[in-house]
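In what follows, a single structure is set out as structure tokens and then discussed.
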Amino acid sequence: MFKKLMGAAALGLVMVASGAMAKETVVWWDFLGGGDGVRMKKLIEDFNAEHKDTIEIQGTTLEWGTPFYTKAQTSAAVGEGPDVMTYHLSRLPLGVSTGTLAEISEADLEAAGVKAADYTPASWNAAHIDGKLYAVPFDMHSIVLYYNKDLLKKAGLLGDDGLPKGLDGVDNFTAALKALQAAGVAQPLSIHDGAGDSMWRIFYSLLGQEDGVFFKDGKFLDGDNLDKAVKAVTVMQNWVKDGFAPAQVDYPASIALFTSGKAAFHINGVWEVPTMTDLKAKGELFDWGAIAIPTFFDHPATWADSHAFAIPNNKGKEMTPEKKKAVLEVITWMNKHSTFWATAGHLPAYMPARDNDEFKKMQPNATYAKLADTAVYDPVSTLAGVASPVYDAAGNFLMPAVNGEMEPQAAMEQMRDDLQGQVE
Amino acid sequence: MRRYDRTELVTALILIAPFVAIYGLLFVYPVAKMILLSFTKAPLIGDGDWVGFANYAKLFKDRLFTVAVWNTMYFVLLSVIPSTILGLFIALGVNRLKGWMQSAVLACFFLPYILPVSVVYRIWGWMLDAQFGILQYPIEWIFGERVPVFRSLPLFMPTVAFITIWWLVGFNVLLYIAGLRNISAEIYEAAELDGATRAQVFRRITWPLVWPITVLVATIQLILQLKIFDQVYLFAQGGRTDALLSLVWLVYRDAFQKNQGGYGAAIAVVLFALIVLVSVLQYQALRARGEK
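Chains as they are written, first to last, in the working numbering: chain W, 173 to 596; chain U, 116 to 407.
Structural data, given as structure tokens:
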């Protein structure tokens, strides 16, 4: 009897011990600094607390952009990459072409309970290269129109619902800018026109509103797409030329122009929502809001990209099934808790996270959430995406055109030729 | 007759072995690999097909390479000689001060040198910001309008060169102060007794005696500025980068951003050769003058 008891106790001990040994560590890399970085750290802490006995995420935050992607590529090539990392969907083509990313198979998805139907179609499609899934979308981030309610009210542009009215269409938008000038706002629009990346996001939205195609079948701005591009650039150039927006504005200055009340409108990424929210909470900001970019042409469309989770293709280091399971648990858990992530301004890619009361009450996110339905992602090419040759070309040709240093026609032709010359 | 006996030779070899090993592993081997890489069509990571001199041939047809060479040379011209001369003048001034005053003034000139480039970028970015920059007041007063200096092509390189000189001149001052302190006071006393004017003292005594320091400073600056990257990259990012590229930036762009390791290596080899050539030439030229 005693022996039996001892045996059972020993067995119990063994089980506890093996239970402790089975705790998986998931090495995690992200590039999230600033306001969203703080929120991601909170999510990781919550995850670790909830999985105290099973999984621990060891997170590291690295430099955004080319440095991050270079490190991901080099480390995966020698089998020293993380177990999971954040990745921009627009950057997937380059990541796949360099063999940095591991495919996520149907079986993996099924085991983790990930269903395509739960994700915004645009982001789910952008997560595929040649029909294979290489990342699970986490959010969708886009550009929005920030507005100053006090100034808009003064110019008679604020509806009873607190939203701006009559901004759709090129002429109406110009009329609104003129009304603001008449109300004493000398330069009512603030855009970050000192750099190509921000100009690209606006330009690509406008191009999408005309059904323009920037890149397809190995050709940049083919056929009448060039004319559509010129049309989009002309609209942007006129904002500067007609004195509605100051030229060559630097990034922090473009935000300061808005937050200081000098400009009534500001077009920027949703990632600046926390900046506004925090300023407002400190009592240092006027009543503000954010809406989807107005429809200038045929139909709504807005540039978008996604943060997503990808698994590096670590050479010579096969992932154990246990580790794979833990990584997939991390990915699905994060998506299921991404309503909180929305406080960073992003829209959760996981639709159930948008379909709850908590999100529907979250402002201004709930107001601009509809842009997810008409989002346009960067062209699928190794030359496009975050910190890509397309972004460089935007700085070289699009940005000077917006600032009136180049004619839109010439700028778009040169941009097309420059990028076409890089196609191999 | 042998100058060293066996045990001495063994000791010497043991003592230098760690250096040779580390130097070989961390310098000679990577350089050899890079040169080999430049003859292949390799991506950033891994091997590629041997293409002979194709990368070099492509280089001389690449418009951006020409721009990068020209910009690098232009930047060297704008920064090396001014920062050397300015270093000497500041050192002469500081050297006349005494006691704590001298330390305080020297510290003021040296302070920017310890700043990281990101901080330098932020400071000057805001000071010259076209909307909110404090320096836009005098600029508006002189030119009648605000000037976005980092987005105006002709002003870009001179402004960045100016900022670089402001940032790094403290080190040159330090080297010159050390050189000036090495000149014996007796020589100056003798010159004074002979009735030499201040200008004569500078021309006949100070200038020739700090000449070795001038050669050193100019050479250090030359090599440093040929490798210009950080400031130009930070101030130009998002802008008309094709017109503002430097050579190191082009290496970064092709190898790391575009994943063309072989081509990037070819540019790096050319830059390496350029630095060796120019610095040896400059050093010889300056030394020859000094020996006259």
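We treat Cβ as the ideally placed atom computed from N, Cα and C, and that holds for glycine.
For this session: Measure how close the beta-carbons of I229 of chain W and V502 of chain W come, nearest whole angstrom, since I'm counting them as under 8 Å.
Result: Taking C-beta atoms under 8 Å as the contact rule, I229 of chain W and V502 of chain W qualify, at a distance of about 6 Å.
Exercise. Which residues in the same chain as A245 of chain U place their Cβ atom closer than 6 Å to its Cβ, once the five residues preceding and following it in sequence are excluded?
Worked result: So the qualifying residues of the chain are R261, P263.
For this session: For the segment 549–585 of chain W, list the alpha helix (DSSP H) runs that are entirely contained and at least 4 residues long, ordered along the chain.
Result: Annotation note: the segment 549–585 of chain W contains the following uninterrupted alpha helix (DSSP H) runs of length 4 or greater, listed N- to C-terminal: 561–565, 571–574.
Exercise. The segment 335–362 of chain U: which residues have C-beta closer than 8 Å to a C-beta of chain W, in chain order?
Worked result: Taking 8 Å as the Cβ-Cβ cut-off against chain W, the residues of the segment 335–362 of chain U that qualify are Q352, G353, G354, R355, T356, D357, A358.
For this session: Could you give the DSSP three-state label for M408 of chain W: helix, strand or coil?
Result: It is helical.
Exercise. Is the beta carbon of I292 of chain U sitting closer than 8 Å to the one on L324 of chain U?
Worked result: Contact: no.
For this session: Would you list the residues sitting across from M257 of chain W in a DSSP beta bridge?
Result: M257 of chain W is bridged by DSSP to W:W201, W:A482.
Exercise. Excluding five sequence neighbours on each side, which residues of the same chain lie with their C-beta closer than 7 Å to the C-beta of G310 of chain U?
Worked result: Excluding the 5 residues flanking it on each side, G310 of chain U has no same chain C-beta neighbour closer than 7 Å.
For this session: Identify which residue in W:A284, W:G356, W:L204 has its Cα closest to the Cα of F240 of chain W.
Result: Per the Cα distances, W:L204.
For this session: Decide if the segment 334–347 of chain U is in contact with the segment 355–364 of chain U; the criterion is three or more beta carbon pairs, one per stretch, under 8 Å apart.
Result: Taking 8 Å as the limit for Cβ pairs, the verdict is that the segment 355–364 of chain U does touch the segment 334–347 of chain U.
Problem set entry | Closest by C-alpha distance to G433 of chain W, when choosing among W:K321, W:T449, W:D477 | Looking only at W:K321, W:T449, W:D477, the smallest Cα-Cα distance to G433 of chain W is reached by W:K321.
Problem set entry | Separation of T274 of chain U from G106 of chain U, as counted between CA atoms | Residue 106 of chain U cannot be examined here, being either before or after the span of chain U that is shown, 116 to 407.
Exercise. According to DSSP, is W165 of chain U helix, strand or coil?
Worked result: Strand, per DSSP.
Problem set entry | Cross-chain neighbours of L159 of chain U in chain W, by beta carbon under 8 Å | Scanning chain W for C-beta atoms nearer than 8 Å to the C-beta of L159 of chain U yields T242, Q245, T246, T270, reported in chain order.
Exercise. Buried or exposed: W282 of chain U, going by 16 or more other Cβ atoms within 10 Å of its Cβ?
Worked result: In this structure W282 of chain U is buried. Its beta-carbon is surrounded by 16 or more other beta-carbon atoms within 10 angstroms.
Problem set entry | Which of helix, strand or coil DSSP assigns to I465 of chain W | Residue state, collapsed to three classes: coil.
For this session: Name, please, each residue of chain U whose Cβ falls closer than 9 Å to the Cβ of A559 of chain W.
Result: Neighbours of A559 of chain W on chain U, chain order: Q372.
Problem set entry | Three-pair Cβ contact test at 8 Å for the segment 372–380 of chain W versus the segment 467–480 of chain W | The segment 372–380 of chain W makes contact with the segment 467–480 of chain W: 3 or more CB pairs, one atom from each, lie closer than 8 Å.
For this session: Could you tell me whether the segment 585–594 of chain W touches the segment 384–401 of chain U, using the rule of 3 or more Cβ pairs below 8 Å?
Result: Cβ pair count under 8 Å is below three, so no.
For this session: Could you give the DSSP three-state label for W475 of chain W: helix, strand or coil?
Result: The three-state reading of DSSP puts W475 of chain W in strand, counting E and B together.
Exercise. Which residue or residues does DSSP assign as beta-bridge partners of N320 of chain W?
Worked result: In the DSSP assignment, N320 of chain W forms a beta bridge with W:W460.
For this session: Determine the direct distance from the alpha carbon of R211 of chain W to that of A221 of chain W, and round the result to whole angstroms.
Result: Each residue's CA atom was taken as its position, placing A221 of chain W and R211 of chain W some 15 Å apart.
For this session: Would you list, in sequence order, the uninterrupted alpha helix (DSSP H) runs of no fewer than 4 residues that lie entirely inside the segment 280–335 of chain U?
Result: Listed in chain order, they are 300–308, 313–316.
Problem set entry | Closer than 8 Å at the beta carbon, the chain U residues around V595 of chain W | Neighbourhood of V595 of chain W in chain U, by CB distance below 8 Å: empty, with the nearest CB roughly 12 Å away.
Problem set entry | Whole-angstrom distance between L273 of chain W and G267 of chain W, CA atom to CA atom | It is roughly 6 Å from the alpha-carbon of G267 of chain W to the alpha-carbon of L273 of chain W.
Problem set entry | Within chain W, the residues that F134 of chain U reaches when beta carbons sit closer than 9 Å | Near F134 of chain U there are no residues of chain W at all, since even the closest Cβ is about 27 Å away, more than 9 Å.
Problem set entry | Proximal residues to S394 of chain U (C-beta, below 7 Å), its chain only, five neighbours per side dropped | Only T334, L337, I338 meet the Cβ criterion.
Problem set entry | is_contact[Q420 of chain U, chain W] using C-beta, thresh 8 Å | A question about residue 420 of chain U goes unanswered here, because the residues of chain U that appear run from 116 up to 407.
For this session: Please check if any C-beta of chain W sits within less than 8 Å of the C-beta of G163 of chain U.
Result: Look at G163 of chain U: its C-beta is not under 8 Å from any C-beta on chain W.
For this session: Tell me whether D159 of chain W sits in a helix, a strand or coil according to DSSP, three-state version.
Result: Any property of residue 159 of chain W remains undetermined from this structure, which presents chain W solely from 173 to 596.
Exercise. Could one say the Cβ of A346 of chain W lies closer than 8 Å to chain U's Cβ atoms, at least one of them?
Worked result: It should be noted that the sequence gives Thr, not Ala, for residue 346 of chain W. False, the Cβ-Cβ gap to chain U never drops below 8 Å.
For this session: Quick one: grab the DSSP three-state call for N547 of chain W.
Result: One detail in the question is off: residue 547 of chain W reads as Ala in this sequence, not Asn. A547 of chain W falls in the strand class under three-state DSSP.
For this session: Quick one: list the residues of chain U neighbouring A249 of chain W, beta-carbon separation under 9 Å, in chain order.
Result: Using a Cβ-Cβ cut-off of 9 Å, A249 of chain W is close to L159, I160, G161 of chain U, given in chain order.
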